[in-house]
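Each remark here refers to the structure printed beneath this line.
There are 2 protein chains.
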Amino acid sequence: MSEQHYCYKYPHPAVTADCVIFGFDGTGIKVLLIQRGIEPYKGKWAFPGGFMKIDETAEECARRELEEETGLKEACVEQFYTFSDVNRDPRERVVTVAHYALVRLSEVKGGDDAASARWFAHDEIPALAFDHDRILRMAMNRLKERICFEPIGFELLPEVFTMTELQNLYEAILEVKFDRRNFYNKMLKLGILAEAEPRPANASRRTPNKYRFNAGKYAELKQKGFRLEF
Amino acid sequence: MSEQHYCYKYPHPAVTADCVIFGFDGTGIKVLLIQRGIEPYKGKWAFPGGFMKIDETAEECARRELEEETGLKEACVEQFYTFSDVNRDPRERVVTVAHYALVRLSEVKGGDDAASARWFAHDEIPALAFDHDRILRMAMNRLKERICFEPIGFELLPEVFTMTELQNLYEAILEVKFDRRNFYNKMLKLGILAEAEPRPANASRRTPNKYRFNAGKYAELKQKGFRLEF
DNA sequence: CTTATTTGCGTTTATTTCACGCAAAAGTAA
DNA sequence: TTACTTTTGCGTGAAATAAACGCAAATAAG
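Listed in order, the protein sequences are those of chains A and B.
Per the working numbering, the very first residue in the first sequence carries number 68; after that it's consecutive.
Per the working numbering, the very first residue in the second sequence carries number 68; after that it's consecutive.
Take a look at the structure:
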């Protein structure tokens, strides 16, 4: 047995942070998975994650994992649940604080071990290691809830986007279909969108308007207690 | 130094579960706090909580704490956030999985050390130990969110209650005022209330109707995707 | 005895959804 | 080319919902 330097009077579980990384390719939601190279669950896919260092918070740990895999330092990262089933890891007792991250696919660079990392669409998720299928289900549910209260969707879109892209994003996350015209009206009436370019003179009917997220206006609305309703 | 039997190759934080226990006395929300008898934060008030055993989940640990303080085995307990700031406990690195519990005050018995336990109203919370003020703020916010989607409010009321009690509960949690008549209409139209007693013949105008929560009807509605809106 | 409060059960009006219409430009297939 | 479909911007009316408020009976409080 190797050296065991850290001793306690009572048993301590290991604590890890996992990071479910969501991206959006203009049509559907994607999830970044890593193929495990070692036992247990060798060959199975899993979320980026690792042991929390003794001088970092769980969120900092999750951000570290995110950066290792995507190169992104700034991103929307939020903790959503802590999984503590007794036998969720066969090696030792491991409690994991699960997070999700929202990233713009265009800004993602291949990470350290890009060879074993891949983006998967919602309907092509392979067999996952540990209890990661349960973690994914919970992450998706939390995403659905959050997008109705906070404009987190914009974290997944490029700076400038079209109304159709925005609608595709909402439809992908909520797994529903909206009437295009109603979605258009509702979003504009909310006032959290700004026209990115003043629509060129040569604009044809099929050249869509470009928008960007208006954070200032959103902050105003939020104070008055409001809600992105769908 | 005492015996240190449990050794690991890397440092492991301690993991605790805390339990913010909410009750409702017919007018306002109450929180159960325990006065600490030992350092650190001796004399300060804190939520029931303790170290997670190696063979129990965080929720089981929270339920154990709940039962020790209230005698209640069955209650609505939900995890809401894990706090992992590096210095939140001066003794050692402690990560806590925070839960809230909803209990009926009438069913609560004094716990093991009832002497040091007390119910506090929302506006008379004393100075709290550790980062428990932050934990309380987060618990209240989560409660506000949840009550708009799930009928968790009924966990706080007695089996049979009046419409006014129900409204007081919603107003206390959401910290708003409703028009009595609109609240009445909305709740009845939802269909999740059942009349508890068929309203006696000698009922005067000031004898309020008694209701109970109709779980079956709620299950129906939930399937169709619905929402307690306020 | 007078006044204020509580309860049940409405109605009216404003606001918000929701379903759908329409025309212009541009791509698609014959 | 021609005919057809798709995409986009911008409306509009009907239906549903939320919000404001009326009223009378019973009774508790002063």
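Built from N, CA and C at the ideal position, the CB exists for glycine as well.
Here the structure is a predicted model, which means the values were calculated and not measured.
| request: Can you pull the chain B residues whose beta carbon is under 9 Å from the beta carbon of H72 (chain A), in chain order? | output: For the purposes of this step, residue 72 (chain A) is taken as the residue at position 5 of the first sequence. C74, Y75, K76, Y77, P78, listed in chain order.
| task | May I ask you to report which of helix, strand or coil DSSP gives A206 (chain A)? | result | Residue 206 (chain A) sits at position 139 when you count from the first residue of the first sequence. Residue state, collapsed to three classes: helix.
| query | In chain A, what lies closer than 8 Å to S151 (chain B) by C-beta? | reply | Within the second sequence, residue 151 (chain B) is the residue found at index 84, counting from 1. V82, M119, T124, A125, E126, V164, listed in chain order.
| field | chain B residues whose Cβ lies nearer than 7 Å to that of R160 (chain A) | value | On the first sequence, position 93 is the one that residue 160 (chain A) refers to. Chain B residues near R160 (chain A): I121.
| Cβ-based neighbour list, V175 (chain B), same chain, cut-off 6 Å, excluding 5 preceding and 5 following | The residue you call residue 175 (chain B) lines up with position 108 of the second sequence. Here the set comprises T137.
| Own chain, CB closer than 6 Å to M205 (chain A), minus 5 neighbours either side, in chain order | Working through the first sequence from its first residue, we reach residue 205 (chain A) at position 138. Excluding sequence neighbours, M205 (chain A) sits near Y148.
| If we count the other Cβ atoms within 10 Å of its Cβ and call it buried at 16 or more, is Q290 (chain A) buried or exposed? | For the purposes of this step, residue 290 (chain A) is taken as the residue at position 223 of the first sequence. Result: exposed.
| Inter-residue Cα distance where the pair is K111 (chain A) and P275 (chain A) | As a first step, residue 111 (chain A) must be located in the first sequence, where it is residue number 44. As a first step, residue 275 (chain A) must be located in the first sequence, where it is residue number 208. Looking at the two C-alpha atoms, the distance is approximately 42 Å.
| query | Between which two residues does the beta strand (DSSP E) harbouring F250 (chain A) extend? | reply | Here residue 250 (chain A) refers to the residue found at position 183 when the first sequence is read from its first residue. Here F250 (chain A) belongs to no beta strand (DSSP E); instead the alpha helix (DSSP H) covers 247-257.
| task | Give a yes or no on contact between the region 275-285 of chain A and the region 226-233 of chain A, applying the rule of three or more CB pairs nearer than 8 Å. | result | yes
| field | Nearest-angstrom beta carbon gap, R103 (chain B) and A196 (chain B) [assumed within contact, 8 Å] | value | By 1-based counting over the second sequence, the position of residue 196 (chain B) is 129. By 1-based counting over the second sequence, the position of residue 103 (chain B) is 36. Indeed, because the Cβ distance is near 6 Å, the residues count as touching under 8 Å.
| Using a C-beta to C-beta distance shorter than 8 Å, which residues of chain A count as neighbours of Y148 (chain B)? | Looking up residue 148 (chain B) in the second sequence gives position 81. Near Y148 (chain B) (Cβ distances below 8 Å), the residues of chain A are Q146.
| query | Going by beta carbon distance, what residues of the same chain come within less than 7 Å of T83 (chain B), once the five residues before and after it are set aside? | reply | What you label residue 83 (chain B) is simply residue 16 of the second sequence in a count that begins at 1. Cβ neighbours of T83 (chain B) beyond the five flanking positions: G116, G117, F118, M119, V161, T163.
| field | Proximity of F114 (chain A) and V144 (chain A) at Cβ, strictly below 7 Å | value | Within the first sequence, the letter at position 47 stands for residue 114 (chain A). Within the first sequence, the letter at position 77 stands for residue 144 (chain A). It is not a contact, given that the beta carbons lie outside the stated cut-off.
| query | Thinking just about the alpha-carbon of each residue, which of B:G95, B:G283, B:Q234 is nearest to the one in W186 (chain B)? | reply | On the second sequence, residue 186 (chain B) is found 119 positions in, with the first residue counted as 1. For the residues B:G95, B:G283, B:Q234, the minimum Cα distance to W186 (chain B) belongs to B:G95.
| request: Return the CA-CA distance between L139 (chain A) and E159 (chain B), expressed in angstroms with no decimal places. | output: Position 72 of the first sequence, counting from 1, holds the residue named residue 139 (chain A). Position 92 of the second sequence, counting from 1, holds the residue named residue 159 (chain B). Looking at the two C-alpha atoms, the distance is approximately 32 Å.
| message | If you follow the alpha helix (DSSP H) that Q234 (chain A) is in, where does it begin and where does it stop? | response | One-based indexing of the first sequence puts residue 234 (chain A) at position 167. Unbroken alpha helix (DSSP H) run through Q234 (chain A): 230-241.
| For the candidate residues B:E106, B:L99, B:E287, B:P265, whose alpha-carbon lies nearest to that of L169 (chain B)? | Translated into the one-based positions of the second sequence, residue 169 (chain B) becomes position 102. The candidate whose alpha carbon is nearest that of L169 (chain B) is B:L99.
| Going along the chain, which residues of its own chain have a beta-carbon closer than 6 Å to the beta-carbon of A263 (chain A), five neighbours each way excluded? | Working through the first sequence from its first residue, we reach residue 263 (chain A) at position 196. Here the set comprises V227, K277, Y278, R279.
| Looking at P78 (chain A) and P157 (chain A), is the spacing between their C-beta atoms short of 7 Å? | Within the first sequence, numbered from 1, the residue matching residue 157 (chain A) stands at position 90. Within the first sequence, numbered from 1, the residue matching residue 78 (chain A) stands at position 11. Cβ atoms of P157 (chain A) and P78 (chain A): not closer than 7 Å.
| message | For G363 (chain A), list the residues DSSP reports as bridge partners. | response | Shown here, chain A extends from 68 to 297; a query on residue 363 (chain A) therefore has no answer.
| request: Please report the Cβ distance between Q234 (chain B) and F250 (chain B), rounded to the nearest whole angstrom; I am assuming they are in contact, meaning their Cβ atoms lie under 8 Å. | output: As a first step, residue 234 (chain B) must be located in the second sequence, where it is residue number 167. As a first step, residue 250 (chain B) must be located in the second sequence, where it is residue number 183. 5 Å between Cβ atoms; contact.
| request: Starting from H166 (chain B), follow its DSSP beta bridges and name the residues at the other end. | output: The residue given as residue 166 (chain B) occupies position 99 in the second sequence. B:C86, B:Q146, per the DSSP bridge assignment.
| said: If I follow the unbroken beta strand (DSSP E) through A261 (chain B), where does it start and stop? | reply: For the purposes of this step, residue 261 (chain B) is taken as residue 194 along the second sequence, with counting starting at 1. Element bounds for A261 (chain B): 260-262.
| Counting along the chain, where does the alpha helix (DSSP H) carrying R130 (chain A) start and finish? | Position 63 of the first sequence, counted from the start, is the residue given in the question as residue 130 (chain A). First-last of the alpha helix (DSSP H) with R130 (chain A): 125-137.
| said: Less than 7 Å between C-beta atoms, sequence neighbours within five positions excluded: which residues of the same chain meet that for P225 (chain A)? | reply: Indexing the first sequence from 1 puts residue 225 (chain A) at position 158. Within the same chain, P225 (chain A) has close Cβ partners R171, S173.
| field | Cα-Cα separation, L133 (chain B) to I101 (chain B) | value | Residue 133 (chain B) sits at position 66 when you count from the first residue of the second sequence. Residue 101 (chain B) sits at position 34 when you count from the first residue of the second sequence. In a straight line, the C-alpha of L133 (chain B) is about 12 Å away from that of I101 (chain B).
| message | Pop quiz: C215 (chain B) and L295 (chain B) are said to be a contact at Cβ under 8 Å. What is the actual Cβ separation, rounded to whole angstroms? | response | Translated into the one-based positions of the second sequence, residue 215 (chain B) becomes position 148. Translated into the one-based positions of the second sequence, residue 295 (chain B) becomes position 228. Right, their Cβ atoms sit about 6 Å apart.
| said: The alpha helix (DSSP H) that contains G117 (chain B), what's its start and end? | reply: For the purposes of this step, residue 117 (chain B) is taken as the residue at position 50 of the second sequence. Not the alpha helix (DSSP H): G117 (chain B) falls in the beta strand (DSSP E), residues 116-118.
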